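Structure, as structure tokens:
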Amino acid sequence: MTATAISPLAGKHVVLGICGGIAAYKSVSLLRLLVKAGAEVQVVITPAGKEFITPVTLSALSQKPVVSEFFTANTGEWHSHVDLGLWADCMVIAPATASTIGKMAHGVADNMLVTTYLSAKSQVFVAPAMDLDMMAHPSTTANLALLRSYGNIIIEPDTGYLASGLTGRGRMEEPENIVKVLESWFAGRNDLAGRRVLITAGPTYEKIDPVRFIGNYSSGKMGYALAAECAARGAQVTLVSGPVALEAPAGVDIVKVESARQMLQACSEAFPAADIAIMCAAVADYAPAETADRKIKREHSEVPVIHLVKNPDIAATLGAAKKPGQILAGFALETDHEADNAAEKLSRKNLDLIVLNSLRDAGAGFGTDTNKVSIIDRAGRTDYPLKPKSEVAADIIDNIVSRL
Ligand code: C5P
Numbered sequence: 080m081t082a083t084a085i086s087p088l089a090g091k092h093v094v095l096g097i098c099g100g101i102a103a104y105k106s107v108s109l110l111r112l113l114v115k116a117g118a119e120v121q122v123v124i125t126p127a128g129k130e131f132i133t134p135v136t137l138s139a140l141s142q143k144p145v146v147s148e149f150f151t152a153n154t155g156e157w158h159s160h161v162d163l164g165l166w167a168d169c170m171v172i173a174p175a176t177a178s179t180i181g182k183m184a185h186g187v188a189d190n191m192l193v194t195t196y197l198s199a200k201s202q203v204f205v206a207p208a209m210d211l212d213m214m215a216h217p218s219t220t221a222n223l224a225l226l227r228s229y230g231n232i233i234i235e236p237d238t239g240y241l242a243s244g245l246t247g248r249g250r251m252e253e254p255e256n257i258v259k260v261l262e263s264w265f266a267g268r269n270d271l272a273g274r275r276v277l278i279t280a281g282p283t284y285e286k287i288d289p290v291r292f293i294g295n296y297s298s299g300k301m302g303y304a305l306a307a308e309c310a311a312r313g314a315q316v317t318l319v320s321g322p323v324a325l326e327a328p329a330g331v332d333i334v335k336v337e338s339a340r341q342m343l344q345a346c347s348e349a350f351p352a353a354d355i356a357i358m359c360a361a362v363a364d365y366a367p368a369e370t371a372d373r374k375i376k377r378e379h380s381e382v383p384v385i386h387l388v389k390n391p392d393i394a395a396t397l398g399a400a401k402k403p404g405q406i407l408a409g410f411a412l413e414t415d416h417e418a419d420n421a422a423e424k425l426s427r428k429n430l431d432l433i434v435l436n437s438l439r440d441a442g443a444g445f446g447t448d449t450n451k452v453s454i455i456d457r458a459g460r461t462d463y464p465l466k467p468k469s470e471v472a473a474d475i476i477d478n479i480v481s482r483l
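Numbering (the working numbering), first residue to last: 80 to 483.
Structural data, given as structure tokens:
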């Protein structure tokens, strides 16, 4: 007899939020799978949700009365959204309609589901489902970006046949896959298990002579925080690091380099096997054409001239070699025209996303322990608040994981 593995959802309190969309019929299967995995599920449904699926079915499967209104009409019993928010080990809203996503993004708490969401102290997962044009509308993109910036995990919709008869992006993720996302989150956030991640960090030093170099102020803190986060989430991490004064994070395979050319060499070796590559290093754009093998002496008669040559662009080199399924992320540190410059780099270097930090933001950038970033991809931009670099790393990795 084979033993069945116990699901990480066993014994967990899950609030299942259901909105008024045709995909609500899939919520019945989702509820069934959650209960089967051993979770205790409390369904909260919006008034429109009840038009699509009857609470009787949901309460029979969850073995709990379904909550929808603030009060039960005949008894006057009040349902506490605060208690529910505290009870939950996680909340999953599936399907999440454009309307509820908009309300969640802006705190419009006019029903039990949004009120519970605002009271929830636990992780919230949002599985959007809507017609392709609603999904593609800039307001939906902006509202989802806001939800991500609050720390919610968006379970991205699929592309396929929609209830409207049209084909496009907007199908709610299949219940089996939603359960998998929750399980891996509860399994110690092991969501990068089996994945290989390549990260570059720190500055490069471009030698002028044995004692001098061209370098920059990069401390490596952001790249090292990313490496630690990926390792903690089960990834096999190769950290290609320029010269920094930091300890290698536990469980990370570190390759120490000095120049951009050495960094390129190490990255070219690791990239073919990588699922994800994050280019966080501040690579010098130019290197001396020649390195003097002896210390250049101070000349009183003439000022020495150092001829420079262009360094290889590591991110762009990997971008050109990228295979389908590989995710390549870059960083952009800008002082002006931030968003335009970042978008230009995204396309020129064939990146999937670019993390933008502006030197204009206090607390962001070189040497600090905090950072304030925006993530830009082809679908739009998500702004995150100022946070410790370890938390910024978790936001960036959440964003990348949602693309896997
Ligand atoms: O063009 P820029 O230097 O602003 O691009 C920044 C992004 O490109 C970062 O992700 C950085 O690590 C990467 N980069 C690189 N090799 C270079 C220059 C930048 O990998 N030579």
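Every residue, glycine too, gets a C-beta built ideally from N, C-alpha and C. This structure is a prediction, so every number in the text was calculated from the model and none was measured.
Count the other C-beta atoms from every protein chain shown that fall within 10 angstroms of the C-beta of Y284, then say buried if there are 16 or more, exposed otherwise.
Counting C-beta atoms within 10 angstroms of its own C-beta, Y284 has 16 or more neighbours from the protein chains shown and is therefore classed as buried.
At what residue ranges does the region 314-370 contain a whole run of the alpha helix (DSSP H), taking only runs of 4 or more?
339-349
Relative to the C-alpha of D212, which candidate in R340, L241, C346 has its C-alpha closest?
L241
How would you call E252, buried or exposed, if buried means at least 16 neighbouring beta carbons within 10 angstroms?
With at least 16 other beta carbons inside 10 angstroms of its own, E252 counts as buried.
Which residues bound the beta strand (DSSP E) around P383?
Premise fails: P383 is in no beta strand (DSSP E) and is neither H nor E.
Extract the residue ranges of the beta strand (DSSP E) inside the region 206-258, only unbroken runs of 3 or more that lie entirely within it.
The beta strand (DSSP E) runs of length 3 or more contained entirely in the region 206-258 are, from start to end of the chain, 237-240, 246-250.
So, using beta-carbon positions, are L110 and C169 closer together than 8 Å?
Taking 8 Å as the cut-off, the Cβ atoms of L110 and C169 do not count as close.
So, does the region 276-292 touch the region 93-111, judging by three or more C-beta pairs under 8 Å?
no
With a threshold of 8 Å on Cβ separation, who are the neighbours of V123 within its own chain once the five nearest residues in sequence on each side are excluded?
V94, L95, G96, I97, V145, V146, S147, L163, M191, L192, T195
For a minimum of 4 consecutive residues, which ranges assigned as the alpha helix (DSSP H) are wholly contained in the region 150-179?
160-166
Please report how far the alpha carbon of A345 lies from the alpha carbon of A411, in whole angstroms.
Note on geometry: alpha-carbon atoms of A345 and A411 lie some 21 Å from one another.
Could you check the C-alpha separation between I433 and N478 for me, to the nearest Å?
11 Å
Output needed for T81: all residues of its chain with C-beta closer than 6 Å, excluding positions within five of it in sequence on either side, in chain order.
Because the pLDDT at T81 is just 39, under 50, the model does not fix this residue reliably, and the value given afterwards should be weighed accordingly. The beta carbon of T81 sits closer than 6 Å to none of the beta carbons in its chain outside the five residues before and after it.
Inspect the CB distances between the region 309-328 and the region 380-388 and report whether three or more fall short of 8 Å.
Pairwise C-beta distances place the region 309-328 out of contact with the region 380-388, as fewer than three of them are shorter than 8 Å.
Measure the CB-CB distance between N436 and K451 and report whether it falls below 8 Å.
yes
Which residue wins for smallest C-alpha separation from K286, given the options R340, V319, V258, E326?
R340
Report yes or no: do the region 197-216 and the region 170-181 share at least 3 C-beta pairs separated by less than 8 Å?
yes
Give a single yes or no on whether P391 has its beta carbon closer than 7 Å to a heavy atom of the ligand C5P.
yes
At a cut of 8 Å, does the region 218-234 reach the region 128-142 through at least three beta carbon pairs?
no
Compare the C-alpha of A324 against each of P351, F350, Y296, T396 and name the closest.
Y296
Between E417 and I454, what straight-line distance do the alpha-carbon atoms span, to the nearest angstrom?
12 Å
Rounded to the nearest angstrom, what separates T370 and P289 at their Cα positions?
T370 and P289: Cα-Cα distance of roughly 8 Å.
If you follow the beta strand (DSSP E) that T279 is part of, which residue opens it and which one closes it?
275-280
How many Å lie between G128 and G100 at the Cα?
7 Å
Got a sec: does the ligand C5P put a non-hydrogen atom nearer than 7 Å to the Cβ of G321?
no
Just the C-alpha distance for S426 and V480, rounded to the nearest angstrom, thanks.
21 Å
Say yes only if the C-beta of V362 is nearer than 7 Å to one or more non-hydrogen atoms of the ligand C5P, and no if none qualify.
yes
Report yes if the C-beta of F131 is less than 7 Å from at least one heavy atom of the ligand C5P; otherwise report no.
In this structure, F131 has its beta carbon at no less than 7 Å from each heavy atom of the ligand C5P.
How big is the Cα-Cα spacing for I172 and T219?
16 Å
For H92, which residues in the same chain have their Cβ closer than 6 Å to its Cβ, ignoring the five residues on either side in sequence?
E119, W166, A167, D168
Could you tell me how far apart the beta carbons of L397 and A363 are, in whole angstroms, since I believe they sit closer than 8 Å?
Between A363 and L397 the Cβ distance is about 17 Å, and since that is not below 8 Å, they are no contact.
Do G409 and A394 have their beta-carbon atoms positioned less than 8 Å apart in this structure?
yes
Between A360 and V471, what straight-line distance do the alpha-carbon atoms span, to the nearest angstrom?
16 Å
What do you get for R457, buried or exposed, if any count of 16 or more other CB atoms within 10 angstroms of its CB means buried?
exposed
Quick one: what's got a C-beta closer than 6 Å to F150's C-beta in the same chain, skipping five residues either side?
W157
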